[in-house]
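Comments concern the structure below.
There are 2 protein chains.
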Amino acid sequence: MAERLVVVGGDAAGMAAASQARRRDPSLDIVALERGTRTSYSACGIPYLVAGDVESPDDLVARTPDEFRQEHRIDVRMRHEATAIDLDARTVEVRDLVHERTFRLGFDQLMVGTGARPIRPDLPGIDGPHIRGVQTLDDGCRMLGEARELECRDVVVVGSGFIGLEMAEAFVRWGAKVTMVEANERPMSRQLDPDVGDRLVTAVRGLGIDARFGEAVEGFEEGLVHTASGPLRADLVVLGLGVAPEATLAEEAGLELGTRGSIRVNRRQATSTPGVWAAGDCAETYHRVSQRRIHIALGTVANKTARIAGVNIGGGYATFPGVVGTAITKVCGTEVARTGLSTEEAERAGFATVSATVETTTIAGYLPDAQPMVVKAIAEQVTGRLLGMQIVGGSGAAKRIDTAATALSAEMTVDDVVELDLSYAPPFSSTWDPVQVAARVVAGKV
Amino acid sequence: MAERLVVVGGDAAGMAAASQARRRDPSLDIVALERGTRTSYSACGIPYLVAGDVESPDDLVARTPDEFRQEHRIDVRMRHEATAIDLDARTVEVRDLVHERTFRLGFDQLMVGTGARPIRPDLPGIDGPHIRGVQTLDDGCRMLGEARELECRDVVVVGSGFIGLEMAEAFVRWGAKVTMVEANERPMSRQLDPDVGDRLVTAVRGLGIDARFGEAVEGFEEGLVHTASGPLRADLVVLGLGVAPEATLAEEAGLELGTRGSIRVNRRQATSTPGVWAAGDCAETYHRVSQRRIHIALGTVANKTARIAGVNIGGGYATFPGVVGTAITKVCGTEVARTGLSTEEAERAGFATVSATVETTTIAGYLPDAQPMVVKAIAEQVTGRLLGMQIVGGSGAAKRIDTAATALSAEMTVDDVVELDLSYAPPFSSTWDPVQVAARVVAGKV
Chain H
1 MAERLVVVGG DAAGMAAASQ ARRRDPSLDI VALERGTRTS YSACGIPYLV
51 AGDVESPDDL VARTPDEFRQ EHRIDVRMRH EATAIDLDAR TVEVRDLVHE
101 RTFRLGFDQL MVGTGARPIR PDLPGIDGPH IRGVQTLDDG CRMLGEAREL
151 ECRDVVVVGS GFIGLEMAEA FVRWGAKVTM VEANERPMSR QLDPDVGDRL
201 VTAVRGLGID ARFGEAVEGF EEGLVHTASG PLRADLVVLG LGVAPEATLA
251 EEAGLELGTR GSIRVNRRQA TSTPGVWAAG DCAETYHRVS QRRIHIALGT
301 VANKTARIAG VNIGGGYATF PGVVGTAITK VCGTEVARTG LSTEEAERAG
351 FATVSATVET TTIAGYLPDA QPMVVKAIAE QVTGRLLGMQ IVGGSGAAKR
401 IDTAATALSA EMTVDDVVEL DLSYAPPFSS TWDPVQVAAR VVAGKV
Chain U
1 MAERLVVVGG DAAGMAAASQ ARRRDPSLDI VALERGTRTS YSACGIPYLV
51 AGDVESPDDL VARTPDEFRQ EHRIDVRMRH EATAIDLDAR TVEVRDLVHE
101 RTFRLGFDQL MVGTGARPIR PDLPGIDGPH IRGVQTLDDG CRMLGEAREL
151 ECRDVVVVGS GFIGLEMAEA FVRWGAKVTM VEANERPMSR QLDPDVGDRL
201 VTAVRGLGID ARFGEAVEGF EEGLVHTASG PLRADLVVLG LGVAPEATLA
251 EEAGLELGTR GSIRVNRRQA TSTPGVWAAG DCAETYHRVS QRRIHIALGT
301 VANKTARIAG VNIGGGYATF PGVVGTAITK VCGTEVARTG LSTEEAERAG
351 FATVSATVET TTIAGYLPDA QPMVVKAIAE QVTGRLLGMQ IVGGSGAAKR
401 IDTAATALSA EMTVDDVVEL DLSYAPPFSS TWDPVQVAAR VVAGKV
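This is how it looks when you write it as structure tokens:
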């Protein structure tokens, strides 16, 4: 009899692992369980769906259940929820949500791709119906509907991370009155050093958002958000406080957990139980610069770790070298990106740091389309090893972070970065790319 | 008495070396000789000056002679041409072009930054007054004047390299009727593989340029360019056949020359004579991937090699690791970039290659601003080492070449590139960056 792989979760990680396993091992019997109504969609696209930039929610779906069934011979079962895993018996308890019946499914190998869920702070009134996290495509569709309705005038976004900023912009574009409440003194404070985060404040306010930094939410009630400064009107509250790994099923089954409750995996994406794998937002990963285990929920990481899991499930051998902490977004016209460690993260990891923040332009300063950009480079004292970079600026600024991300993987020093043969023509860059200008200034301080 | 540094050539290379030397050694007596009327300008900006994008030619000047005099204590002598170098006597013969007198200037160290000159093919009528290379800012100013005049209706651009394409677009934007004559079958044939170069043909023609590929120029006469297919009307002819190192002075002095007549230098930018240095477009450089000495005339390389020369002149120690062959430009809305070796270059250098060309989009395909882009990745068979990459596509496509340029410096394999933690959000990229998509496909062929 063919070996059976059961996949729990039919989104990016689960289905990428399943497809890769199928490619490696045509004989596998693959069953994928998804409690929702869609497979493999771009969760990162939800803010753009809500903003009205995407024609149809179906556009966010990379592959439909039928495509998986026909092209990859994967038995995708929609509206089927895995409710328990028995690691000894090697079975999954499954609830068919449509026919309301429960059954057990045996597995030889199991792939856990249960994703993450928006963090809901333990505050009075948090369970109110108008308080939403951004998780599934169905959530996105519902919010798009609400955004379109004129009644939805007051939107409060709690938190100022990537999703918070992207959702705030989406609602502003529909004409809503958006207030952002952030306990920290500046946006994206976990991602950016204070001097770089400060540059974003102007961009957020310029968007017409009533941004309240340094103001904590104290509770919710129907139509209101309470903060230290008093109540705010809120027809809708969007939670942008980040996500936590959805690892309850794994934990209850007895799989070992790691950082912040994520599922512990080794470099092959294997969990503590042989033949059981995890990848994507539910799993732990590794930071190549801090050399620490971390939890990071990003589409890129989900796809990469799932591919590694799939290769190993299919009988191949692959390891995931880890991440360097790259992230990017756009707030109206202002682009933001970061990679590596922030100064605080670097010091927490034990590095003594030097850094430099340079003001420059996205393209040759004498061209009419040149826009300001700021680059901060962080390096290790004495060795000059690049540890991190942060960028805020106009069009074309942020994607330059990839140069730094690549340099981090290669453990380059700032001197190495200065000598890189980066592309230059006036409509693309200054002669010394801004990334190199920042590296040069730091190199002078090492 | 203070040691004297004489700098021949007051453009990017000469003045960057002089400034760096000054920073390292405050006691140096520095004299810079420039036969023209401007120092340190962006020659790469000339096509944009001619196109009308730059307000004033002075905007292209990074630093004026007075700034060098006052801020760096460099004795800049404008309209002074070095006419001979006596390496034994350690003197330079100088012609003061304004006062029409000649004198000798002794040096302890000499920095040669004589640049490059446009290639003028040995064809009948090549010396006609309407046949122009793009070299100095004064050339640029003159062409801007001509472009503005309605009389200048027919412009023929000979060659289709970077400068040829940029100048063709500049004249098209002023309403000229532009014909491009290129002996090769496609544009940028030395830079791009045929399948990638083909993508550019449409862009060039879409610009309204009468592009004649596979058609060689046979000669010129007043108002005409002769090709195998007959004469073309030409009020102005722009040469876009690349540049050759301007090393006559160095050669006559007895300095050793290298590839294509460029001045031979070691990794510290030292020439064959102690205390005599060269950098920028006149000097030889080194290709980190092919491991061959090459001549390459680019602003980035000029600035980098000049900085190295300046550090060494000032008593420091620095070496230039070489280039990886990165270049970028834009033809109307189409961006083009390349790095590393083309397939032909790689095979000539002895590599057995595999490659893949992928069609993708600049940003998430479901967003309205997504534009097509093509990425070709070239790798070494067996080892999978990345050897080169080429990109053609819409806005945001080409600057991604820097990821490949950085990966080449680190001698990464295509598998390493696939695992890079590159930035992703829907307005910036597909989940797998196009660079990684190409690397993945090649990795499958290694």
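Listed in order, the protein sequences are those of chains H and U.
Heads up: the first sequence begins at 1 in UniProt numbering, then just goes up one per residue.
Heads up: the second sequence begins at 1 in UniProt numbering, then just goes up one per residue.
All residues carry an ideal CB built from backbone N, CA and C; glycine is no exception.
This structure is a prediction, so every number in the text was calculated from the model and none was measured.
C-beta atoms of residue i and residue j nearer than 8 Å
i	j	result
Phe220 (chain U)	Pro118 (chain U)	no
Val196 (chain U)	Val392 (chain U)	yes
Val243 (chain H)	Leu110 (chain H)	no
Val8 (chain H)	Thr114 (chain H)	yes
Leu408 (chain H)	Gly340 (chain H)	yes
Ala82 (chain U)	Leu33 (chain U)	yes
Ile46 (chain H)	Ile74 (chain H)	no
Ile313 (chain H)	Ala16 (chain H)	no
Ala278 (chain H)	Val112 (chain H)	yes
Ser290 (chain U)	Glu246 (chain U)	no
Met180 (chain U)	Gly161 (chain U)	no
Gly310 (chain H)	Ala84 (chain H)	no
Leu207 (chain U)	Glu169 (chain U)	yes
Thr39 (chain U)	Phe68 (chain U)	yes
Arg233 (chain U)	Asp281 (chain U)	no
Val336 (chain U)	Met188 (chain U)	yes
Pick from the options that is closest to residue i, judged by C-alpha positions
i	options	result
Pro426 (chain H)	H:Val237, H:Ile328, H:Gly133, H:Thr361	H:Thr361
Asp88 (chain H)	H:Gln70, H:Phe107, H:Val76, H:Met78	H:Phe107
Asp59 (chain U)	U:Cys282, U:Leu137, U:Thr248	U:Leu137
Leu28 (chain U)	U:His72, U:Gly10, U:Ser56	U:His72
residue 450 (chain H)	H:Arg348, H:Ala116, H:Ala439, H:Gly310	Beyond the ends of chain H as shown, which are 1 and 446, falls residue 450 (chain H); an answer cannot be given.
Ile294 (chain U)	U:Gly254, U:Leu249, U:Ala349, U:Ala250	U:Ala349
residue 447 (chain U)	U:Arg385, U:Ile363, U:Leu298	There is simply no residue 447 (chain U) to check, as chain U begins at 1 and stops at 446 in what is shown.
residue 452 (chain U)	U:Lys304, U:Ala250, U:Ile401	There is no way to answer for residue 452 (chain U), as the model of chain U reaches only from 1 to 446.
Ser423 (chain U)	H:Met78, H:Ala404, H:Val417	H:Ala404
Glu185 (chain H)	H:Val414, H:Val158, H:Asp198, H:Gly325	H:Asp198
Met78 (chain H)	H:Ala147, H:Pro65, H:Gly315	H:Pro65
Asp25 (chain U)	U:Ser189, U:Gly133, U:Thr305, U:Gly315	U:Gly315
Pro368 (chain H)	U:Ser56, U:Leu257, U:Gly159	U:Ser56
Span of the beta strand (DSSP E), counted from its first residue to its last, around residue i
i	result
Thr227 (chain H)	224-227
Ile210 (chain H)	Looking at the sequence shown, residue 210 (chain H) is not Ile but Asp. 210-213 is the extent of the beta strand (DSSP E) around Asp210 (chain H).
Asp75 (chain U)	74-78
Ile378 (chain H)	372-380
Glu218 (chain H)	217-221
Gly230 (chain H)	230-233
Met111 (chain H)	109-112
Glu34 (chain H)	29-34
Opening and closing residue of the alpha helix (DSSP H) in which residue i lies
i	result
Asp415 (chain U)	414-418
Met1 (chain U)	Looking at the DSSP string, Met1 (chain U) is not in any alpha helix (DSSP H), and its letter there is neither H nor E.
Lys445 (chain U)	Taken as a continuous stretch (DSSP letters only), Lys445 (chain U) belongs to no alpha helix (DSSP H), as it is neither H nor E.
Ala410 (chain H)	Where Ala410 (chain H) is concerned, there is no enclosing alpha helix (DSSP H), given that its DSSP letter is neither H nor E.
Glu146 (chain U)	137-148
Is it true that the region 330-337 of chain U meets the region 199-215 of chain U, where meeting means three or more beta-carbon pairs spaced less than 8 Å apart? Yes, the region 330-337 of chain U touches the region 199-215 of chain U.
Which residues of the region 76-108 of chain H have a Cβ closer than 9 Å to any Cβ of chain U? Give them in chain order. For the region 76-108 of chain H, there are no residues whose beta carbon sits under 9 Å from a beta carbon of chain U.
Report yes or no: do the region 127-145 of chain H and the region 231-248 of chain H share at least 3 C-beta pairs separated by less than 8 Å? Taking 8 Å as the limit for Cβ pairs, the verdict is that the region 231-248 of chain H does touch the region 127-145 of chain H.
contact_flag[the region 138-148 of chain U, the region 209-228 of chain U] where n(CB pairs < 8 Å) is 3 or more: Contact between the region 138-148 of chain U and the region 209-228 of chain U is absent, with fewer than three C-beta pairs closer than 8 Å.
Which residues, in order along the region 304-320 of chain H, keep a beta-carbon less than 8 Å from a beta-carbon of chain U? Along the region 304-320 of chain H, going in chain order, the ones with a CB nearer than 8 Å to a CB of chain U are Lys304, Phe320.
Give a yes or no on contact between the region 313-324 of chain U and the region 380-387 of chain U, applying the rule of three or more CB pairs nearer than 8 Å. At 8 Å Cβ cutoff, the stretches do not touch.
Members of the region 387-402 of chain U near chain H, C-beta cut-off 8 Å: Within the region 387-402 of chain U, the qualifying residues are Gly396, Ala398, Lys399, Arg400, Ile401, Asp402.
If contact is defined by three or more beta carbon pairs under 8 Å, each pair taking one atom from either stretch, is the region 48-63 of chain U in contact with the region 90-105 of chain U? The region 90-105 of chain U makes no contact with the region 48-63 of chain U, as fewer than three CB pairs between them are under 8 Å.
Output, in sequence order along the chain, the residues in the region 11-44 of chain U whose CB is closer than 9 Å to any CB in chain H. Taking a C-beta cut-off of 9 Å against chain H, the contacting residues of the region 11-44 of chain U are Ala12, Ser42, Cys44, listed in chain order.
Positions along the region 173-196 of chain H whose CB lies within less than 8 Å of some CB in chain U: Answer in chain order: no residues at all.
Is the number of C-beta pairs between the region 435-445 of chain H and the region 284-294 of chain U that are closer than 8 Å three or more? Not touching, per the Cβ criterion.
For the region 353-375 of chain U, list every residue whose C-beta sits within 7 Å of some C-beta in chain H, in sequence order. Of all residues in the region 353-375 of chain U, Ala364, Tyr366, Leu367, Pro368 have a Cβ within less than 7 Å of some Cβ in chain H.
Against chain U: residues of the region 271-299 of chain H by CB proximity under 9 Å: Answer in chain order: Arg288, Leu298, Gly299.
Could you name the residues of the region 418-432 of chain U whose beta carbon sits closer than 9 Å to any beta carbon of chain H, in the order they occur along the chain? Here the close residues are Val418, Glu419, Leu420, Asp421, Leu422, Ser423, Tyr424, Ala425, Pro426, Pro427, Phe428, Ser429, Thr431, Trp432.
With 7 Å as the limit, tell me which residues of the region 49-71 of chain H have their beta carbon closer than that to any beta carbon of chain U; keep them in chain order. So the close ones are Asp53, Val54, Asp59, Leu60.
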